[in-house]
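Undergrad:
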Amino acid sequence: MTDLLNDEPEGATPLTPEEREGLIPAQVTLRRELNELEQQNILEASLWVIRRSRDPVSESFARNLHRRMFSNVWRWAGNNRATNKNIGCDWWEIDLQLRGAFDDTRTWIAFSSYPSDEIAVRFHHRLVAIHPFANGNGRWSRLMADTLARRLGQPAFSWGNSSLLDDDATRRAYIDALRVADRHDIGPLLTFARS
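For what it's worth, the numbering used here labels the leading residue of the sequence shown as 3, then goes sequentially.
(1) Report buried or exposed for Ala-84, applying the criterion of at least 16 other Cβ atoms within 10 angstroms of its Cβ.
(2) If I'm right that Gln-99 touches Ile-121 with Cβ under 8 Å, what's the distance once you round it to whole angstroms?
(3) For Trp-161, which of helix, strand or coil comes out of DSSP?
(4) If Ala-136 sits next to Leu-17, beta carbons under 8 Å apart, how far is it from one beta carbon to the other, in whole angstroms?
(5) What alpha helix (DSSP H) runs, 4 residues minimum, are completely inside the region 34-121?
(6) Looking only at DSSP bridge pairs, what is Leu-150 linked to?
(7) Could you compute how far the alpha carbon of Leu-166 sits from the alpha carbon of Arg-144?
(8) I think Val-69 touches Ala-103, with their Cβ atoms under 8 Å apart; what is that distance to the nearest whole Å?
(9) Distance check for Ala-179 and Phe-159, CA to CA, integer angstroms please.
(10) Where Glu-21 and Arg-34 are concerned, what is the direct C-alpha to C-alpha distance, given to the nearest angstrom?
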């Protein structure tokens with residue numbers, strides 16, 4: 003497990019030793035092995051989402067999606083993190099913050115407060131900022147935004163058109179766009195989402 007402990011990609015949320023103990027496949031020792039297993043699980047969850055017409059702006063959908071994305075890899079998939087991280091709200095505020103994000107997003111949709119793409123990207127940004135899970139928040143929140151975009155009649159986003167796990171420049175551009183959005187300028191993140 004040494005590689006898993008020390009080879010975190012830039013901007014990744016570090017896992018605590020207790021969270022690492024939640025790893026299901028015992029044979030995983032390298033970060034690339036973990037990435038491959040998670041990606042297989044995420045592809046299965048993506049197919050599940052595409053086959054169903056569900057409202058992604060709900061806590062039950064959000065938790066179920068995270069569980070489907072990571073349940074073959076992490077025992078805690080779909081459950082709130084129980085520790086504070088380098089990003090996100092305090093762990094004890096997660097449920098309240100998620101409710102607020104869902105309520106706000108439903109209001110943006112009901113009143114057409116923003117164009118559809120912007121609603122989905124703002125939703126993504128709020129979910130990333132909350133960071134409800136121990137791992138996988140970026141990938142989960144991007145799939146949540148893609149699901150919402152499709153529900154609003156738009157295509158899924160391209161998110162830089164490459165793997166954010168494998169392409170350092172694209173990952174850097176994504177993180178930079180998130181940081182600008184943290185300062186209330188959603189423009190670069192919206193541009194990145196469709197790039």
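Even glycine gets a Cβ: it sits at the ideal position worked out from N, Cα and C. As the structure is a computational prediction, the values presented were derived from the model and not from experiment.
TA: According to the structure data:
(1) Along the sequence shown, read from residue 1 onward, the residue named residue 84 stands at position 82. So Ala-84 counts as exposed.
(2) Position 97 of the sequence shown holds residue 99. Position 119 of the sequence shown holds residue 121. The pair is not a contact, with the Cβ atoms about 18 Å apart (cut-off 8 Å).
(3) Counting from one through the sequence shown, the residue named residue 161 turns up at place 159. Three-state DSSP puts Trp-161 in a helix.
(4) Position 134 of the sequence shown holds residue 136. Position 15 of the sequence shown holds residue 17. Cβ atoms of Ala-136 and Leu-17 come within 8 Å of each other, at about 6 Å.
(5) Here the runs fully enclosed are 61-72 and 96-112.
(6) For the purposes of this step, residue 150 is taken as the residue at position 148 of the sequence shown. The partner list for Leu-150 (beta bridge, DSSP) is empty, contrary to what the question assumes.
(7) Taking the sequence shown and counting its residues from 1, one reaches residue 166 at position 164. Taking the sequence shown and counting its residues from 1, one reaches residue 144 at position 142. Cα-Cα distance, rounded: 11 Å.
(8) Stepping through the sequence shown from its first residue, residue 69 is reached at position 67. Stepping through the sequence shown from its first residue, residue 103 is reached at position 101. First, the residue type needs correcting, since residue 69 is Arg and not Val in the sequence shown. The pair is not a contact, with the Cβ atoms about 18 Å apart (cut-off 8 Å).
(9) Walking along the sequence shown from the start, residue 159 turns up at place 157. Walking along the sequence shown from the start, residue 179 turns up at place 177. In a straight line, the C-alpha of Phe-159 is about 15 Å away from that of Ala-179.
(10) In the sequence shown, the residue the question calls residue 21 occupies position 19. In the sequence shown, the residue the question calls residue 34 occupies position 32. The straight-line gap separating the alpha-carbon atoms of Glu-21 and Arg-34 is approximately 18 Å.
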